[in-house]
């Protein structure tokens with residue numbers, strides 16, 4: 001197997017064509033990572049969630065990391081890592097336009113809202129649903145590609 | 150789609166049968182997440198890497214998060230999250246036995262060492278290879294399961 005760096009262009013292309021990734025946040029030094037559905041547009045990835053631990057932590061510390069991979073086999077894969085800042089998109093004010101963009105981008109997938117908006121039964125009680133649209137700036141992006149020898 | 154919590158037993162079962170996950174670390178509030186190959190044994194997940202950004206950050210701050218999922222479709226998946234502490238396993242001293250265990254567990258897969266040990270060509274130069282065995286304690290584990298309605 002041979003691993004090489006992806007160019008910025010190739011990394012951005014994989015980001016733009018992907019919809020599923022892993023988003024990490026951190027609170028008081030404790031990292032936390034969850035799968036997420038997203039869509040890329042013009043230097044931001046847009047996502048949707050309901051308020052919960054991930055959103056609480058990102059509100060406290062907006063530094064985020066998104067990892068996306070495309071795996072064909074154990075020896076053939078591409079993986080990119082984005083570092084950026086979380087920004088919540090409210091219904092009014094400056095972020096209204098970005099929120100509308102998030103909605104348009106995300107709802108191109110039939111089930112886009114479900115993982116974020118489905119009632120999760122916790123300890124026998126459905127948790128309250130507070131819909132949250134957000135975006136993360138693509139401040140740094142790096143990528144690697146593995147190919148079999 | 151319906152999302153419910155997994156029991157601790159079901160979460161531990163998924164962890165024990167899995168080999169690929171996403172490991173997050175954090176440095177000065179910046180989270181960082183990479184795919185990782187691992188093997189579970191007795192309250193620890195064992196992994197192998199070469200020294201690089203992930204290992205540097207985990208040496209500074211051992212708080213780690215491992216996420217593992219098993220996805221059948223967009224509406225049918227299981228996902229678990231482990232919080233724990235990173236511990237490096239040296240060739241000598243107290244961690245020698247754990248390092249031998251890591252080797253035995255990991256090398257059950259033919260290509261286990263490749264993503265960690267393959268020379269990565271960065272800026273035209275192969276990066277130095279310092280093999281690192283580590284483990285992360287399973288201090289907390291939670292899981293969720295989605296099923297179509």
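Protein chains in written order, with the numbering used here: chain A, 1 to 149; chain B, 150 to 298.
Yeah, the Cβ is synthetic: ideal placement off N, Cα and C, and Gly gets one too.
Close beta carbons around residue i, own chain, < 6 Å, minus the five adjacent residues each side
{"i": "residue 4 of chain A", "result": "145"}
{"i": "residue 162 of chain B", "result": "none"}
{"i": "residue 237 of chain B", "result": "283"}
{"i": "residue 139 of chain A", "result": "83, 84"}
{"i": "residue 165 of chain B", "result": "189"}
Straight-line Cα distance separating residue j from residue i
{"i": "residue 85 of chain A", "j": "residue 109 of chain A", "result": "25 Å"}
{"i": "residue 95 of chain A", "j": "residue 240 of chain B", "result": "53 Å"}
{"i": "residue 7 of chain A", "j": "residue 242 of chain B", "result": "42 Å"}
{"i": "residue 229 of chain B", "j": "residue 189 of chain B", "result": "14 Å"}
{"i": "residue 213 of chain B", "j": "residue 286 of chain B", "result": "9 Å"}
{"i": "residue 247 of chain B", "j": "residue 192 of chain B", "result": "12 Å"}
{"i": "residue 222 of chain B", "j": "residue 21 of chain A", "result": "15 Å"}
{"i": "residue 231 of chain B", "j": "residue 104 of chain A", "result": "34 Å"}
{"i": "residue 208 of chain B", "j": "residue 183 of chain B", "result": "16 Å"}
{"i": "residue 179 of chain B", "j": "residue 29 of chain A", "result": "9 Å"}
{"i": "residue 218 of chain B", "j": "residue 70 of chain A", "result": "15 Å"}
{"i": "residue 172 of chain B", "j": "residue 150 of chain B", "result": "27 Å"}
{"i": "residue 66 of chain A", "j": "residue 107 of chain A", "result": "20 Å"}
{"i": "residue 227 of chain B", "j": "residue 290 of chain B", "result": "13 Å"}
Beta-carbon proximity list for residue i, same chain, < 8 Å, skipping 5 on both sides
{"i": "residue 53 of chain A", "result": "32"}
{"i": "residue 57 of chain A", "result": "25, 26, 27, 32"}
{"i": "residue 101 of chain A", "result": "41, 46"}
{"i": "residue 211 of chain B", "result": "234, 235, 236"}
Residues bridged to residue i [DSSP beta-bridge criterion]
{"i": "residue 299 of chain B", "result": "Since the displayed chain B opens at 150 and closes at 298, residue 299 of chain B lies outside it and no answer follows."}
{"i": "residue 178 of chain B", "result": "DSSP output for residue 178 of chain B lists no bridge partner at all."}
{"i": "residue 234 of chain B", "result": "B:212"}
{"i": "residue 24 of chain A", "result": "A:33, A:65"}
{"i": "residue 283 of chain B", "result": "B:196, B:237"}
{"i": "residue 190 of chain B", "result": "B:193"}
{"i": "residue 289 of chain B", "result": "B:232"}
{"i": "residue 2 of chain A", "result": "A:147"}
Close Cβ partners of residue i (< 7 Å) along its chain, the five nearest in sequence each way excluded
{"i": "residue 10 of chain A", "result": "143"}
{"i": "residue 225 of chain B", "result": "295, 296, 297"}
{"i": "residue 168 of chain B", "result": "186, 187, 188, 258"}
{"i": "residue 51 of chain A", "result": "130, 132"}
* Contacting positions in the stretch 190-207 of chain B - beta carbon closer than 9 Å to chain A -> none
* Asked: Which residues, in order along the stretch 17-30 of chain A, keep a beta-carbon less than 7 Å from a beta-carbon of chain D?
  -> Of the protein chains in this structure, namely A and B, none is chain D.
* Asked: Of the residues that make up the stretch 287-298 of chain B, which ones have a beta carbon closer than 9 Å to any beta carbon in chain A?
  -> 293, 295
* When you check each C-beta in the stretch 226-237 of chain B against every C-beta of chain A, which residues fall closer than 9 Å? -> 226, 228, 230, 232
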